[in-house]
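Colleague:
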Amino acid sequence: MRRPITPSAHGTIGTPAPMMRGLSRTCGRGGVTLDDTQEARSMTIEKVTMAEVAAKAGVSRSAVSRYFTPGASVSKKTAEKVRLAAEALGFRPNILARSLITGQSRIIGLVIAYLENYFYPEVLEKLSKALQERGYHVLVFMSSQGSETVDDVIQEILDYQVAGLVTASVSLSSELSTRCAALGVPVVLFNRAQDGKGVTCVTSDNADGGRQVARLFTAAGHRRIAYVAGWEQASTQRDREAGFLQGLAEAGQTLFARAVGNYEAAAAKAAARQLFAGKSEAERPDAVFVANDHMAFVVMDVLRFELGLKVPGDVSVVGFDDVPPAAWPAYDLTTVRQDAETMVARTVERLLAQIETPAEASSEPIRMPAPLVLRGSARIPEGWSPPEPEPPQEI
Numbered sequence: 001m002r003r004p005i006t007p008s009a010h011g012t013i014g015t016p017a018p019m020m021r022g023l024s025r026t027c028g029r030g031g032v033t034l035d036d037t038q039e040a041r042s043m044t045i046e047k048v049t050m051a052e053v054a055a056k057a058g059v060s061r062s063a064v065s066r067y068f069t070p071g072a073s074v075s076k077k078t079a080e081k082v083r084l085a086a087e088a089l090g091f092r093p094n095i096l097a098r099s100l101i102t103g104q105s106r107i108i109g110l111v112i113a114y115l116e117n118y119f120y121p122e123v124l125e126k127l128s129k130a131l132q133e134r135g136y137h138v139l140v141f142m143s144s145q146g147s148e149t150v151d152d153v154i155q156e157i158l159d160y161q162v163a164g165l166v167t168a169s170v171s172l173s174s175e176l177s178t179r180c181a182a183l184g185v186p187v188v189l190f191n192r193a194q195d196g197k198g199v200t201c202v203t204s205d206n207a208d209g210g211r212q213v214a215r216l217f218t219a220a221g222h223r224r225i226a227y228v229a230g231w232e233q234a235s236t237q238r239d240r241e242a243g244f245l246q247g248l249a250e251a252g253q254t255l256f257a258r259a260v261g262n263y264e265a266a267a268a269k270a271a272a273r274q275l276f277a278g279k280s281e282a283e284r285p286d287a288v289f290v291a292n293d294h295m296a297f298v299v300m301d302v303l304r305f306e307l308g309l310k311v312p313g314d315v316s317v318v319g320f321d322d323v324p325p326a327a328w329p330a331y332d333l334t335t336v337r338q339d340a341e342t343m344v345a346r347t348v349e350r351l352l353a354q355i356e357t358p359a360e361a362s363s364e365p366i367r368m369p370a371p372l373v374l375r376g377s378a379r380i381p382e383g384w385s386p387p388e389p390e391p392p393q394e395i
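Numbering (the UniProt record's numbering), first residue to last: 1 to 395.
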């Protein structure tokens with residue numbers, strides 16, 4: 001069985017808190033005293049219950065339950081009593097057990113296929129923090145590409161009684177999306193476009209981003225224009241390439257060469273060699289659009305350090321994502337920006353609306369603008385600037 005990664009600020013779900021050692025405090029009349037280590041040590045053997053915490057704190061069991069329920073009302077005085085009693089006994093609530101009893105949880109399942117790309121670790125961090133700020137716990141499961149594998153992982157996640165699901169860099173089958181809808185578990189696909197009942201998609205305007213790159217290359221006078229594709233089954237790859245080819249067609253050009261980098265460093269290196277190694281100037285591309293920044297860095301390194309070509313003197317290179325290293329002087333990469341901060345905010349907003357107020361929540365796809373960011377890795381015609389991106393759209 002796959003073990004989930006739990007980056008939650010609340011700690012790993014269902015595990016006891018560290019024991020408090022050598023601590024002496026008193027709280028309120030009737031006295032909660034954290035005095036010695038012997039009591040805490042004894043509690044490492046048996047699980048502590050809410051009833052025991054309530055007895056030690058001198059409050060009701062329901063008060064303890066409210067203290068550990070995000071958003072529930074509890075007085076400061078009672079909260080302090082419960083906190084000290086829980087620390088003394090080494091108590092942490094078993095959220096999974098409670099969700100099985102109540103049929104409700106504040107757990108969000110997050111499925112991600114890979115962390116090699118700089119974009120997704122940034123997204124994972126922002127998404128986890130944003131959900132934690134709203135009182136939700138995050139369970140992260142790693143998956144490989146392909147709907148069958150993803151479906152297996154999501155079937156497992158559903159056993160945790162999750163309140164909702166976010167998938168990043170992966171899609172799920174129509175059968176499973178229908179099952180999630182039937183179970184009342186909302187699903188948001190982050191950076192993937194897919195039709196399906198009960199599924200909301202939050203993406204960038206990948207096609208428009210590809211078109212902007214084509215317009216830059218053709219305006220700069222490039223005639224041998226190549227493309228390094230990502231994983232062929234990904235909607236991001238399909239949309240970026242479709243927009244790119246459309247932009248070339250608008251200028252009366254066709255694609256000069258194509259290779260597949262599969263969104264992986266090793267494959268991107270092989271793709272760069274396929275396009276450029278052993279080729280004369282007339283045989284090799286003079287510009288290349290790479291389907292994400294992670295691969296673009298690899299392509300630039302092969303061009304400069306392995307093949308001795310100059311960027312952008314011999315070859316213009318443009319990526320997609322605008323991850324932080326794109327702005328480093330070592331790369332200075334012209335790229336299409338995906339606004340991770342805003343995409344995450346819209347994902348959390350839409351997911352929690354579907355959980356908390358489902359009758360009022362929308363499930364329409366959200367498409368964010370993807371502006372072209374001009375830096376030094378591509379030739380830029382004098383006075384040329386990309387058009388202003390359109391505002392976010394529900395489509």
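For each residue, glycine too, the CB sits at the ideal point set by N, CA and C.
(1) Apart from the five residues just before and just after residue 408, which ones in its own chain have a Cβ nearer than 6 Å to its Cβ?
(2) According to DSSP, simplified to helix, strand and coil, what is R215?
(3) Determine, using beta-carbon pairs with one atom in the segment 226 to 240 and one in the segment 342 to 353, whether at least three such pairs fall under 8 Å.
(4) To which residues of the same chain is S235 closer than 8 Å at the C-beta, ignoring the five residues directly before and after it?
(5) Using DSSP's beta-bridge definition, name the partner residues of I108.
(6) Buried or exposed, going by whether 16 or more other CB atoms sit within 10 Å of the CB of Q161?
(7) Checking 8 Å against the spacing of the C-beta atoms, do L333 and V317 come in under that value?
(8) Going residue by residue through the segment 225 to 260, where are the continuous alpha helix (DSSP H) segments of at least 4 residues, counting only ones entirely within it?
(9) Which full runs of the alpha helix (DSSP H) of 4+ residues lie inside the segment 319 to 383, going along the chain?
(10) Are the CB atoms of F190 and M368 nearer to each other than 8 Å?
(11) Thinking C-beta only, is A378 closer than 8 Å to residue 402?
(12) Less than 8 Å between the beta carbons of L183 and L158, yes or no?
(13) Helix, strand or coil for L189, going by three-state DSSP, please let me know.
(14) Measure how close the beta-carbons of R273 and V302 come, nearest whole angstrom, since I'm counting them as under 8 Å.
(15) In terms of residues, what are the limits of the beta strand (DSSP E) holding V199?
(16) Do three or more CB pairs link the segment 290 to 304 to the segment 252 to 270 at distances below 8 Å?
(17) Just checking, does the segment 67 to 85 make contact with the segment 117 to 131 on the three C-beta pairs under 8 Å criterion?
(18) If we count Cβ pairs, one from each stretch, closer than 8 Å, do we get three or more for the segment 246 to 259 versus the segment 219 to 233?
(19) In the DSSP assignment, what residue or residues form a beta bridge with F289?
(20) How many whole angstroms separate the CB atoms of V53 and V64, which I take to be in contact at a CB cut-off of 8 Å?
(21) May I ask you to report which of helix, strand or coil DSSP gives P121?
(22) What is the rounded straight-line gap between the Cα of A322 and the Cα of R337?
(23) Just curious, the alpha helix (DSSP H) that L176 is in, first and last residue?
(24) Starting from T78, trace the alpha helix (DSSP H) in both directions and tell me its first and last residue.
(25) Counting only the same chain and skipping the five closest in sequence on each side, list residues whose C-beta sits under 6 Å from that of G376.
(26) Within 10 angstroms of the Cβ of E341, are there 16 or more other Cβ atoms? Answer buried if so, exposed if not.
(27) Does the distance from the C-beta atom of L124 to that of I154 stay below 8 Å?
(28) Out of curiosity, what's the CA-to-CA distance linking S60 and I108?
(29) Whole-angstrom Cβ separation of T200 and P365, contact assumed at under 8 Å?
(30) Ordered along the chain, which non-local residues of its own chain (more than five positions away) have a Cβ less than 8 Å from that of K56?
(31) Can you name, in chain order, every residue of its own chain whose Cβ lies under 6 Å from the Cβ of V150, other than the five neighbours on each side?
(32) Thinking C-alpha only, which one of E156, G135, K129 is nearest F141?
(33) Who are the Cβ neighbours of I380 in its own chain at under 6 Å, not counting the five residues just before and after it?
(34) Three-state secondary structure (DSSP) at D208?
(35) Below 8 Å between beta carbons: does that hold for R92 and H137?
Modeller: So, from the data block:
(1) Since the first residue shown for the chain is 1 and the last is 395, residue 408 is missing from the structure and cannot be characterised.
(2) helix
(3) no
(4) S171, R192, A193, Q194, T203, N206
(5) V138, G164
(6) buried
(7) yes
(8) 235 to 250
(9) 340 to 356
(10) no
(11) Because residue 402 is not part of the residues shown, which for the chain are 1 to 395, the question remains open.
(12) yes
(13) strand
(14) 6 Å
(15) 199 to 204
(16) yes
(17) no
(18) yes
(19) Y227, V318
(20) 5 Å
(21) helix
(22) Per the sequence shown, residue 322 should be read as Asp rather than Ala. D322 and R337: Cα-Cα distance of roughly 5 Å.
(23) 174 to 183
(24) 76 to 89
(25) D332
(26) exposed
(27) no
(28) 30 Å
(29) 7 Å
(30) V32, A85, A88, L89
(31) S143, V170, L172
(32) E156
(33) L374
(34) helix
(35) no
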